[in-house]
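S.K.: Quick one: this structure, given as structure tokens, is what I'll be asking you about.
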Amino acid sequence: MKTQLPLFICAVAGIFMAVQYFVPAALPAYERVNDYLQIVYAFSIVLGVASVVHRHGGRVQKRRKDWPYSLAALIALLFMLLAGFIGGRGRETLFQALFNAILLPVQATMFALLAFYLASASFRAFRTRSTDATVLLIAAVIVMIGRLDDGRALGIPDIARWILNTPNLAAKRAILIGVGLGMASTALKVVVGIERSYLGSGKE
Amino acid sequence: MTWMRAGLLQGSERRSLLPFLLGLLFFCSLPCVPTAQAEDTQGQAADRVQASLAAASPPSAAPPSPVTDLEIRDKPLDAGKVLLVSFGRSSDDPGGQGAVTRYALLRRGPADTAFAVVKTLTALVKGDRLSYEDTGLKPGAGYSYLVRTLTASGVFSDGPVFGPVAPARQWFFTNKINTLITTILFVILILAYIRAARRGRSLFIRRIAGLDAIDEAVGRCTEMGKPTLYIPGISTISDVATIASLNILGQVAKKIATYQSRILVPNRDPFVYPVTQDVVKFAFAEAGYPQDFREDDVYFVTNDQFAYAAAVCGTMVREKPGANLLLGMFFAESLILAETGSSIGAIQIAGTDAISQLPFFVTACDYTIIGEELYAASAYIGREPTLLGSLKGQDYFKLCVLILIIIGVALMTSGVLLRNQPFDWVSQILKVRAAGG
Amino acid sequence: MGFLEWIVRLQRLDRRIIFSFMFVAVTVPFYLNWPPVEIEVSREVEDAYQIIDRIPPHGDPLLLSFDYDPAAAAELTPMAEAVLHHCFSKGIRVLVISLQYTGQGAGIASEVVPRIAAQHGRKQDVDWAFLGFQPNALIAMLQMGEDFKRTFPTDYYGTPFDEIPLVESVQNYAQIPAVLTLAATAVGESWAIYPGSRYGLTVIAGVTAVYTADIQPFYQSGQIKGVLGGLKGAAEYEKRVNVLGKGMAGMRSQKTVHYMIILFIALGNIAYWLSRGSAK
Amino acid sequence: MAGIADSVLWTFIAGFITLAIFSFLYRDNPLYKLAEHIAVGVSVGFLVVTYYYNVFKPKVWDNVLHNGQFDYLIPLCLGLILFSRFVPKYGWLSRWALAFYIGGSSGLSIPSTLEGRVLGQAEGAVRSFVSLDPAKGGIANLLSSIDASFVVLGTIACLVFFLFSVEHKGGIGRFAYFGRLCIMAGFGASFGYTVMARVSLLIGRIQYMTEDVVDALRSLF
């Protein structure tokens, strides 16, 4: 009951969705199942979010380390919910203002930090320590200059374009085929029930 | 948003009932929250369209000339519920600027007595033909249509009746044959090899050069008496790269145990943490030195991506490990880890299937295991049947693709050389065509 | 040995000094209007421009999908603005959606699209419509191939699908001349793999620079018909549509930082080979 | 409420938060932690509100309550039993919903991935070594032929590199090493582009600080 039924549901849903790819007659049922998948996926994301909220809640309840920050997170969450459900979501609303003034700067700045780390890594870590690294760094420098459309006299933009359209294309195409086969085989193992790690999350 | 993915798989520790009730209550209370936007339901929209048509007064001005060329086709390759209706403009309608403002499409099904409006189309749309896909019909039933041309003042005239035409249901997307054969071949190959691996047949996997690099690094590090730092990636337990990394961790821990040296394993995922502890403890016991296993060398740091990277860099600077092994799934913070490791002079071996992080690992580390090599290394060590079998199945499928490409290229080249026109049979076989026909 | 020994000692330079070099390299060009930047429009950007330019005004809309979150906004929002300027100036209608699972892509779109539309005096639901967002990108892409209304019963603001004049004749991909996906992840190529191969949809991808190299196989095989790559792609499109945008403004700083990083790599390697030489 | 949306106040808050995150460069500090946690709260709130208006209300409530399509109760129940994960005794109930979703999307991805990633790319790789286009001159044909054969040989070499059933010794070993070098050149191209990507993010933030925040300051005095 706890493992056999889920595996059965998984197999039925998987086989139907794979077979419908080739059968036009299954279109109406396929469209309806797509809607269900979308809704259940939405619930699973909200579940992930709920467990994050639950963890912060637990941290505040038990006054564990950094609990004031978790409290701030919960207050921000509550404030955002009120703004969204009462104030509405148009362009001039408080909800949109909170998104633009808090969420957008944090996300953008968090990844902007990487530019600094890239600079320090270029100085302290990127070495031609092996033929692999040498080929990589030479190609990288050529592409960096080529992307700025500089060094036209030396034909660097053309070499950069050649690197992008020839070795890079060959390598990325082989990697795509490899990754594609890997994804398809993992998906197959899930449908057939060999791969069960997603079940492991529920208590046995 | 990795914290969300991690969150997705939590829930196995003991939990009180409160959050569940909260979650349920939260969702049931939503519909009664006063929604800010004024929402009128579908029902009213349809009435408004109906009302404007009914108010069409008897023709005071001259009626516009009706639409004469109406074409009805069954939609190819569908479930037989759709008819494609297209018609040219009325002669009084020079592209929406003239008197004619709207066209109404009327349909009479087998069970209906009179024509009913199905869709109104504005004349403003560009192009000389207007089209509409009429859906929700019964396969095999005959439907006939006519087009009513309307002016701004509501004066209208009906065109001649066309049909009846019956939508037909098809059972196979004819131009998806190549995908079907590929999928069947793939499924058979993978399942056959997994069964063979489970039955213990010896399947050959070549030794990945990366494994020699790991052995050498761990060997040199233990000679210097320094600890080894092993990072099993920062992804969740269900990530293929994490599972592959845990296999390699077991072998590395066993080797370190035999040299009686130390291994540090900082974890970022609360679920991977207990698994790494068991793997290392079991490896030390298997090497015959269970007492050397130090509980606090395998520890949980934090769930936050950047805080984890900063904390591990602190450990690197403090503990000065001789070798850093970064094997598993990494994201943007891999740059920070690799840089600090390189600056303290540790031998670094990295392995990940995160294609976007590999360029940094190659330049900052001494050796890098690329993408699928990580899975092959794990299969080589762990010999776990499903991983071994599916890897072999994929390998042989890749071989088929390789041979097909070689034949295709040979044909194309000989075609161009011999008669200046490539033989492109192979690429016709491989070509991906739209399902809709 | 002073200079060479100085370079080797540089390796232990405090990371924060390097950070300040970086800050200076980025900020100086904002005020000095230096170095001069000359950009050529590349083939893949020209292909994308032609496909959008061929869409008849006031006819079937271009499908514009905001599939990124604020972390990629610095590169992809200038692209969105350049394309919106192009479409609205020519009267091409735009149907906006977002398939970014946290919904933040929709948050960005609901700020950018109305702002640009107002500059061109384009009316909502007539010249442009914003159908909002769906969490699972792959499933939403395939659903739109059959029925837009089922995928988006209401738009982002709650207006029912039937009450939006722009989508009156839009039922599925048959009425969509092309889709421009602005994506920072594999969602870009998924447009080509899922709806591209099943419905023959014309796909153009605006991707972050990180992803430009990885999307080349799809461009060469024709599964993706045009590519806008990173901030440079935005600058190229701005030049092609001659609009002054953030893409061009950022290119000067890109130039100073690129050369600084090349210098860092060179210095680092000189020190590396010196210390290896002296160590032997 | 509406007037505040783009006033000076919000620009200052955004500027303050940008500095708080940049302070992590100096070292991890309370300001950074506070900004990050507030952002987590705002992003969760944003997600829940957006999901309600764009997914749950139109697709579940409206379909069930107004359009009378009661079959939408199935995904609703499946979705709600996902929350049983919080109840230790009934945790296993959530597996039905997970099984339905993961099974369905895996089944959907098998034919699509094989077609889009494997067939599509394999067809893209099948090109003739030699291109004899009379329009272009002799030299151009020679160059494009060399390019074409390099791409085809490179793709085959990289595929051989990722073959694990064949020992990489002798001829195959060298051919696979040529594949590895192509992969390194490809990573070089990605490296070059990644530099531009990361720098664009930084440029975007500094543009915001030096332009928008400074303008807001100037408008105060």
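Chains as they are written, first to last, in our numbering: chain U, 1 to 204; chain C, 1 to 437; chain F, 1 to 280; chain S, 1 to 221.
Don't be surprised by glycine CBs; every beta carbon is placed ideally from N, CA and C.
None of the values given here were measured: they were computed from a predicted structure.
1. For my contact list, residue 46/S and residue 40/U are in at a C-beta cut-off of 8 Å; report their separation, rounded to the angstrom.
2. Mind reading off the beta-carbon distance from residue 47/U to residue 82/S? Whole number of angstroms is fine, and I expect it under 8 Å.
3. Have a look at residue 147/U and residue 186/S and give me their C-alpha separation to the nearest angstrom.
4. If you compare alpha carbons, which of 169/F, 96/F and 74/F is closest to residue 208/S?
5. Is the shortest distance between the beta-carbon of residue 405/C and the beta-carbons of chain F less than 8 Å?
6. Given a threshold of 16 other Cβ atoms within 10 Å of its Cβ, counted over all protein chains shown, does residue 17/U qualify as buried or as exposed?
7. Three or more beta-carbon pairs under 8 Å between the stretch 331 to 344 of chain C and the stretch 118 to 131 of chain U, yes or no?
8. Assuming residue 401/C and residue 122/S make a contact with CB atoms under 8 Å, what is their CB distance in whole Å?
9. Please tell me whether residue 171/S has its Cβ less than 8 Å away from any Cβ of chain C.
10. Residues in the same chain with beta-carbon distance under 6 Å from residue 392/C, minus the five sequence neighbours each way, listed in chain order, please.
11. Given a cut-off of 8 Å, decide if residue 82/C and residue 134/C are closer than it, judged by their beta-carbon atoms.
12. Name the two residues that bound the continuous beta strand (DSSP E) containing residue 73/C.
13. Shortest alpha-carbon distance to residue 225/S belongs to which of 165/S, 161/S, 184/S and 183/S?
14. CA-CA distance, residue 89/C and residue 222/F?
15. For residue 122/C, return the contacting residues in chain F, with the cut-off set at a CB-CB distance below 9 Å.
16. Span of the beta strand (DSSP E) holding residue 147/C?
17. Residues in the same chain with beta-carbon distance under 8 Å from residue 82/F, minus the five sequence neighbours each way, listed in chain order, please.
18. To the nearest whole angstrom, what separates the beta carbons of residue 112/F and residue 130/F, a pair I think is in contact under 8 Å?
19. Any C-beta of chain D sitting closer than 8 Å to the C-beta of residue 152/S?
20. In angstroms with no decimal places, state the Cα-to-Cα distance between residue 33/C and residue 133/F.
21. What three-state label does DSSP hand residue 118/F in the structure shown?
22. At a Cβ cut of 8 Å, what residues of the stretch 18 to 34 of chain U count as close to chain C, listed as they run along the chain?
23. For the beta strand (DSSP E) containing residue 324/C, name the first residue and the last one.
24. In chain order, what residues of the same chain have a beta carbon less than 6 Å from the beta carbon of residue 146/C, not counting five sequence neighbours either side?
25. Measuring only between beta-carbons, confirm whether residue 199/F sits less than 8 Å from chain C.
26. What is the rounded straight-line gap between the Cα of residue 65/U and the Cα of residue 315/C?
27. Checking contacts by CB at 8 Å: is residue 188/F closer than that to chain C?
28. Could you tell me which chain C residues have their CB closer than 9 Å to the CB of residue 156/S, listed as they occur along the chain?
29. Should residue 37/S go down as buried or exposed, given a rule of 16 or more other Cβ atoms within 10 Å for buried?
30. Measuring alpha carbon to alpha carbon, tell me which of 92/S, 118/S and 48/S ends up nearest residue 178/U.
31. DSSP state of residue 70/S, grouped into three classes?
32. Could you give the distance in angstroms between the alpha-carbon of residue 210/F and the alpha-carbon of residue 67/F?
33. Between residue 148/F and the rest of its own chain, which residues show a CB-CB distance below 6 Å, the 5 nearest in sequence each way excluded?
34. Would you say residue 196/S faces chain C, with C-beta separation under 8 Å as the test?
35. Is residue 200/C buried or exposed, if buried means 16 or more other CB atoms sit within 10 Å of its CB?
36. Please state the DSSP three-state secondary structure of residue 22/S.
M.R.: The answer reads as follows:
1. Your numbering for residue 46/S matches position 46 in the fourth sequence. Your numbering for residue 40/U matches position 40 in the first sequence. Contact flag wrong, Cβ pair sits at about 21 Å.
2. The residue labelled residue 47/U in the question sits at position 47 within the first sequence. The residue labelled residue 82/S in the question sits at position 82 within the fourth sequence. The Cβ separation is near 5 Å, so the contact holds.
3. As a working note, residue 147/U is residue 147 in the first sequence. As a working note, residue 186/S is residue 186 in the fourth sequence. Each residue's alpha carbon lies about 15 Å from the other.
4. Translated into the one-based positions of the fourth sequence, residue 208/S becomes position 208. Residue 208/S has its Cα closest to that of 74/F, out of 169/F, 96/F and 74/F.
5. Within the second sequence, numbered from 1, the residue matching residue 405/C stands at position 405. Not an interface residue.
6. Sequence index remark: in the first sequence, residue 17/U carries index 17 (1-based). Burial call: buried.
7. yes
8. Here residue 401/C refers to the residue found at position 401 of the second sequence. Here residue 122/S refers to the residue found at position 122 of the fourth sequence. Between residue 122/S and residue 401/C the Cβ distance is about 5 Å, and since that is below 8 Å, they are a contact.
9. Taking the first residue of the fourth sequence as position 1, residue 171/S is located at position 171. No, its Cβ sits nowhere closer than 8 Å to a Cβ of chain C.
10. Within the second sequence, numbered from 1, the residue matching residue 392/C stands at position 392. Counting only Cβ-Cβ distances below 6 Å, and skipping sequence neighbours, we find 193 and 203.
11. The sequence position of residue 134/C within the second sequence is 134, counting from 1. The sequence position of residue 82/C within the second sequence is 82, counting from 1. Contact annotation: residue 134/C and residue 82/C have beta-carbon atoms nearer than 8 Å.
12. Position 73 of the second sequence, counting from 1, holds the residue named residue 73/C. It spans 70 to 74 - the beta strand (DSSP E) in which residue 73/C sits, taken as one unbroken run.
13. Because chain S in this structure spans residues 1 to 221, residue 225/S falls outside the shown range and cannot be described.
14. Counting from one through the second sequence, the residue named residue 89/C turns up at place 89. Counting from one through the third sequence, the residue named residue 222/F turns up at place 222. Going from the Cα of residue 89/C to the Cα of residue 222/F covers about 36 Å.
15. The residue you call residue 122/C lines up with position 122 of the second sequence. Near residue 122/C (Cβ distances below 9 Å), the residues of chain F are 165, 168 and 169.
16. Residue numbering aside, residue 147/C sits at position 147 when the second sequence is read from its first letter. Residue 147/C -> beta strand (DSSP E) spans 143 to 151.
17. Along the third sequence, one-based indexing puts residue 82/F at 82. So the list reads 234, 237, 238, 241, 243, 245 and 247, once near-sequence residues are dropped.
18. Taking the third sequence and counting its residues from 1, the one referred to as residue 112/F is at position 112. Taking the third sequence and counting its residues from 1, the one referred to as residue 130/F is at position 130. With a Cβ gap of about 10 Å, residue 112/F and residue 130/F do not count as contacting.
19. The structure shown contains no chain D; the protein chains it does contain are U, C, F and S.
20. If you number the second sequence from 1, residue 33/C lands on position 33. If you number the third sequence from 1, residue 133/F lands on position 133. No answer about residue 33/C holds up, because its pLDDT of 42 lies below 50 and its placement is not dependable.
21. Translated into the one-based positions of the third sequence, residue 118/F becomes position 118. Residue state, collapsed to three classes: helix.
22. Of all residues in the stretch 18 to 34 of chain U, those with a C-beta nearer than 8 Å to a C-beta of chain C are 18, 21, 22, 23, 24, 25, 26, 27 and 28, reading in chain order.
23. One-based indexing of the second sequence puts residue 324/C at position 324. First-last of the beta strand (DSSP E) with residue 324/C: 323 to 327.
24. Translated into the one-based positions of the second sequence, residue 146/C becomes position 146. If we look at residue 146/C and ignore the five residues flanking it on each side, its Cβ neighbours are 106, 158, 159 and 161.
25. Taking the third sequence and counting its residues from 1, one reaches residue 199/F at position 199. Among the CB atoms of chain C, one or more fall inside 8 Å of the CB of residue 199/F.
26. As a working mapping, residue 65/U is identified with position 65 in the first sequence. As a working mapping, residue 315/C is identified with position 315 in the second sequence. Taking the straight line joining both Cα atoms gives about 20 Å.
27. As a first step, residue 188/F must be located in the third sequence, where it is residue number 188. At a cut-off of 8 Å, the C-beta of residue 188/F has no neighbouring C-beta in chain C.
28. Numbered from 1 along the fourth sequence, position 156 holds the residue referred to as residue 156/S. Chain C residues near residue 156/S: 402, 405, 406 and 409.
29. Taking the first residue of the fourth sequence as 1, we reach residue 37/S at position 37. That one is buried.
30. Translated into the one-based positions of the first sequence, residue 178/U becomes position 178. The residue with the shortest Cα to Cα distance from residue 178/U is 118/S.
31. On the fourth sequence, residue 70/S is found 70 positions in, with the first residue counted as 1. In this structure, residue 70/S counts as helix in the three-state DSSP scheme.
32. One-based indexing of the third sequence puts residue 210/F at position 210. One-based indexing of the third sequence puts residue 67/F at position 67. Rounded to whole angstroms, residue 210/F to residue 67/F spans 15 Å at the Cα level.
33. Residue 148/F sits at position 148 when you count from the first residue of the third sequence. The residues are 170.
34. Within the fourth sequence, numbered from 1, the residue matching residue 196/S stands at position 196. So no, residue 196/S is outside the interface.
35. Taking the second sequence and counting its residues from 1, the one referred to as residue 200/C is at position 200. Result: exposed.
36. Along the fourth sequence, read from residue 1 onward, the residue named residue 22/S stands at position 22. Residue 22/S falls in the helix class under three-state DSSP.
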